[in-house]
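I have placed the structure first, in the form of structure tokens, so that the comments after it can refer back to it.
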Amino acid sequence: MTPRRNRMVQRLIALAFKIAPPERRSWFDAMVAELDHVPEAERMHFAAGCFLTACRERLGSPQFLQVAARNLFISGALLWAALNIRFAGRMSVSDAIVLEAYGYCMALLFFIGALATARFGYRATIGLAGPLVTVLTLTAAFVRFGNAPTPTSNIYLALIVENLVVLLFALVVAGTLSRFANVPQGRR
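First residue of the sequence shown? That's 909 in this note's numbering, and the numbers climb one at a time after it.
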């Protein structure tokens, strides 16, 4: 085996060891110890197998899945805030001040929700989204039944229902993920 190829094998094994979840480190210690007993022609294949196994173990670990789900959840809230800002900006061009204010307020609320989830977890999402769902539901009922239907009131109602659907989805996802995070390791 050439020195360069030998260095690549050593680096690949070291990277696999770093990637491996902590609960599997002893298993990867054994793989590193086996490297000396693998024929030289097959060492690169063995190192690649160790690396792929380490990646698969890391991607399947509950800690990684929780972090990935939380980051995806936070990114979704930030994306929704950005879409509300875009909507509010479009409303400022058409001089619809109430719609513009609604868009900016919803963007701010989703941004605060993303920050709270990042800092305090899914319980913060549930604690913030629950009351907001109630307020938006009451507002939607008022817009629908409190006034005569007009094109403008229909726009308000559509926007409120849209945000209600997103918030209800966020509540279901946050509730599910918070239960998953609290399940003991042995019960998964």
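Heads up, the beta-carbon is just placed ideally off N, CA and C, and yes, glycines get one too.
Using 7 Å as the threshold, is the C-beta distance between residue i and residue j below it?
| i | j | result |
| --- | --- | --- |
| Ser983 | Pro929 | no |
| Phe1018 | Trp988 | yes |
| Thr1033 | Thr1042 | no |
| Met939 | Cys963 | no |
| Ala1015 | Asn979 | no |
| Leu1065 | Val1074 | no |
| Ala990 | Glu1008 | no |
| Ile1068 | Ala1048 | yes |
| Tyr1030 | Ala1078 | no |
Do you know how far the Cα of residue j is from the Cα of residue i?
| i | j | result |
| --- | --- | --- |
| Ala985 | Ala1022 | 6 Å |
| Leu973 | Leu1044 | 32 Å |
| Glu948 | Ala977 | 41 Å |
| Asn1097 | Val1080 | Not covered by the structure: residue 1097. The range shown for the chain is 909 to 1096. |
| Cys1013 | Ser1086 | 27 Å |
| Val1091 | Thr1084 | Low per-residue confidence applies at Val1091: pLDDT is 49, beneath 50, and the placement is therefore not dependable enough to give any value. |
| Arg912 | Arg951 | 13 Å |
| Ser1000 | Ala924 | 53 Å |
| Val946 | Leu1076 | 55 Å |
| Lys926 | Arg933 | 9 Å |
| Phe1088 | Ala1037 | 19 Å |
| Gly1035 | Leu1072 | 15 Å |
| Arg919 | Ala956 | 11 Å |
| Asp944 | Val975 | 36 Å |
| Glu1070 | Ala922 | 49 Å |
| Leu1040 | Leu960 | 45 Å |
Mind checking which residues open and close the alpha helix (DSSP H) that includes residue i?
| i | result |
| --- | --- |
| Glu965 | 951-967 |
| Thr1045 | 1030-1053 |
| Arg913 | 911-927 |
| Arg890 | Nothing can be reported for residue 890: it is not among the residues displayed for the chain, which extend from 909 to 1096. |
| Asp944 | Premise fails: Asp944 is in no alpha helix (DSSP H) and is neither H nor E. |
Please classify residue i: is it buried, with 16 or more other beta-carbons within 10 angstroms of its beta-carbon, or exposed?
| i | result |
| --- | --- |
| Arg994 | exposed |
| Asn1062 | exposed |
| Phe936 | buried |
| Phe917 | Sequence check: residue 917 is Val here, not Phe. Classification of Val917: buried, given that the 10 Å Cβ count is 16 or more. |
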